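Some notes on the structure that comes next.
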Amino acid sequence: EGFSSAKCFLSLYRFQACVYFASVFQAMACGIHYLASVFMAVTPNFVCGFPGNVSSVLFHNSSASSIEDIWTLWTSTENYLVVQLENGEIWELDQCSRSKREVSLDLTYEYKGNKSVFPCSDGFLYDNTKWKSTVVTQWDLVCDREWLAKLIQPTFMLGVLIGAVIFGDIADRLGRQRVIWFTSAGQFVFGIAVAFTFDYYSFVIVRFLLAMVSSGYLVVAFVYVTEFVGIKARTWASMHVHAFFAMGIMIVALVGFLVRTWWVYQIFLSIATLPFVLCCWMLPETPFWLLSEERYEDAQKVIDTMARWNKVSTPCKVSELCSVQKDDLASDRTDDDETSSAKKHNILDLFCNWQIARRTITVWLIWFTGSLGYYVFSLSSVSLGGNEYLNLFLIGAVELPCYIIACVAMDKLGRRNTLIPFLILSALICVLIMFIPQDFNTLIILANMAGKFSIGVAFGLIYLYTAELYPTIVRSLAVGSGSMMCRVGSVVAPFCVYLRSVWIFMPLLLVGIMALLSGILTIMLPETLGKPLTNTLVEATEMGRNKKSCSEKTPPAHSGTAIEKIEMFGQERVSIDK
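Counting with the working numbering, you get residues 865 to 1442 for the letters of the sequence shown.
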């Protein structure tokens, strides 16, 4: 079944294929902007500035005429430099302070005499051998301003959270097409604007707006492509939106290697997807949204265009679909009237009984863990040693096969039976990395790639699994709340990475514990492979209590055409976001 779905995905109709690949191409821009800060906000080696011109520099037993010649010897933040100025003064330069020696007779590294300590009022001197300029060196985001640099990625992820909520709602109100136009143009405009910000605060504000439109595009593009792609290819098509996101991460690594000035780097990243911005206005509105808004003539025009592209001689008529829908509504009106008072649901319905509450807590934990692990492995890849650009490139590249494995495994083994081993495997890999000696860089990088692979499979699978675990009446609410937990994980991830300064393995320890706990709790979740979607909380609860009764049970009264429509439209409305 999995391979047949892949074959169906590869043989999409011409129109749907063009729309799909044009839409997911811009998903690369989301991957680009989400991870751009790993090189843009790098903190190079630095020391306190000094008042005057230097005549000689001393570092342990090595001397030089300029500080630039000393940076290759710098090995620890606890080191300091001794410089002698042209006026004869001798200064000791630490990272966040400087000391003037009272007696400056001989230029020696060790000094036991009196010293006067001064703040870094003359700025800082940075190591420019790797990066000519970063936002840290641009605005001196070090020492007592270091916390501002550490807020760059969390504030971006906060924008991701807010943007997904806002643009997801706007897309339901104004249509997918308009939101795709606006967010695509917004990514380009705000991406370029970031490069020309004049101070730290304007930089953070524009990046926050960039995060909102990037997140909005990713959410709406997923809904957009699933509404155009056929049901059989929908799983593969939706999963591989993430693959284009991963390609964006690979582009970040490539541009970071070629361009070492942060604002030029930002411009190159922003123009990478300019072709889509120039042609995105050609994308049509989805027929599903047009039908939901009762714009039947516009929907018919889109269907006719699809028929011409796909060389279908007898396209379906919207009027016929509407008549069938009216008949179905008339036949079900009595049941609808009886249940109309119970159609309003809230977050408390996800905790209506012990079975559903336990399921909700487990699902939320998986969403949070998947996002946390995804970004911890991605953001920390540049600190593994070796070539940081190659590390990030490989961390992005390893995602491409992981989604193929996820699609095949979820159809062959089942959703739960795929999720459990990969969550536990990611926890074991986190533990394994702690026992690898730090000078085995290649082995550490390979282990981190394996960890990203395993957490990526779980992260990609949980979207569909969540939709299948809950009944129709709360399905969108369940996926939406899980997606919110995912974004909370993405906000927490940068702070988790910063815990490397406390203990180098602290981020891995936290991810490992969360992944192991999630994997164990997943054992209690029911398998959904091959089972019909449930309509009520009673049916969903029964699926958890008795596995056989769910699979053997006769479908409820709304079976046949009605349930197919529920499945088709319910899955199309699922919106996801990294």
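For glycine and all other residues, C-beta sits at the position ideal for the given N, C-alpha and C. Values in this document were obtained by computation on a predicted structure and should not be read as measured data.
| query | result |
| --- | --- |
| So, are the CB atoms of Y1081 and I1056 less than 8 angstroms apart? | no |
| I need the boundaries of the alpha helix (DSSP H) containing W1173, first residue and last residue. | Y1160 to N1174 |
| Have a look at T907, E1149, E932 and I1016 and flag the residue whose alpha-carbon is nearest the alpha-carbon of K919. | Reading off the sequence, residue 919 comes out as Ser, not Lys. Nearest of T907, E1149, E932 and I1016 to S919, Cα basis: E932. |
| Bridge partners for R1351 per DSSP, in chain order? | Looking at the DSSP assignment, R1351 forms no beta bridge with any residue, so it has no partner. |
| Could you check if Q1302 is buried or exposed, using at least 16 other CB atoms within 10 Å of its CB as the buried criterion? | exposed |
| With DSSP as the reference, identify every bridge partner of L922, one or two as the case may be. | S927 and V946 |
| Restricting to Cα atoms, I'd like to know which of L1287, V981 and G1039 is closest to V1162. | Here the sequence assigns Asp to residue 1162, which means Val is not the residue at that position. Looking at the Cα atoms, G1039 is the closest of the given residues. |
| Tell me, please, which residues DSSP counts as bridged to W955. | V947 and K964 |
| With 16 other CB atoms within 10 Å as the buried threshold, where does W1145 fall? | exposed |
| Does the beta-carbon distance from Y1267 to A1075 come in below 8 angstroms? | no |
| Expressed to the nearest angstrom, what Euclidean distance is found between the alpha-carbon atoms of W1289 and V1321? | The displayed chain sequence assigns Leu, not Trp, to residue 1289. Cα to Cα, L1289 sits roughly 11 angstroms from V1321. |
| Only counting the same chain, and skipping five residues up and downstream in sequence, which positions put a Cβ closer than 6 angstroms to that of I896? | G1112, I1115, V1116 and L1133 |
| Between the C-alpha atoms of L1296 and L1264, what's the straight-line distance to the nearest angstrom? | 23 angstroms |
| Whose CA, out of V999, S929 and F1323, lies closest to the CA of L971? | S929 |
| Kindly examine the ligand PLP and report whether one of its heavy atoms sits closer than 7 angstroms to the Cβ of T1125. | The ligand PLP is not part of this structure, which contains no ligands at all. |
| What's the gap between the Cα of E1157 and the Cα of V1240? | 42 angstroms |
| Our contact map puts A1035 next to V1093 with C-beta atoms below 8 angstroms; I'd like the distance itself, whole angstroms only. | Actually they are not in contact, since the Cβ atoms of A1035 and V1093 sit about 17 angstroms apart, beyond 8 angstroms. |
| Can you check which of these residues, A1097, N1399, P915 and R1159, is closest to A1331 by C-alpha distance? | N1399 |
| Rounded to whole angstroms, what is the Cα-Cα separation between F816 and L1254? | With the chain represented from 865 up to 1442, any question about residue 816 goes unanswered, as that position is not in the structure. |
| Taking the CB atoms as reference points, tell me whether M1298 and F1369 lie closer together than 8 angstroms. | yes |
| Pairing CB atoms from the segment 950-958 with CB atoms from the segment 910-917, are three or more of them under 8 angstroms? | yes |
| Which whole-angstrom value is the C-beta distance of L1025 and V1272, which I expect to be below 8 angstroms? | Actually they do not touch by this definition, with Cβ atoms about 32 angstroms apart. |
| Here's the rule: buried if 16 or more other CB atoms are within 10 angstroms of the residue's CB, otherwise exposed. What is G1315? | buried |
| Curious, which full-length alpha helix (DSSP H) runs of at least 4 residues does the segment 1215-1250 contain? | 1218-1243 |
| Tell me L1381's beta-bridge partners as DSSP assigns them. | Bridge partners of L1381: none, in fact. |
| Please report the distance separating the alpha-carbon of P1285 from that of S901. | 32 angstroms |
| Under three-state DSSP, which class holds V888? | helix |
| Could you check what DSSP says for V1006 in three-state terms: helix, strand or coil? | coil |
| Taking just the CA atoms, how far does Q880 sit from W1153? | 16 angstroms |
| Among I1225, R1223 and A1110, whose alpha-carbon lies nearest the alpha-carbon of V1262? | A1110 |
| Can you give me the Cβ contacts of I1300 inside the same chain, cut-off strictly under 6 angstroms, excluding the 5 residues immediately before and after it? | L1307 and I1308 |
| Going by DSSP, what residue range makes up the beta strand (DSSP E) through G988? | As written in the sequence, residue 988 is Phe, which differs from the Gly given in the question. Note, F988: beta strand (DSSP E), F988 to Y990. |
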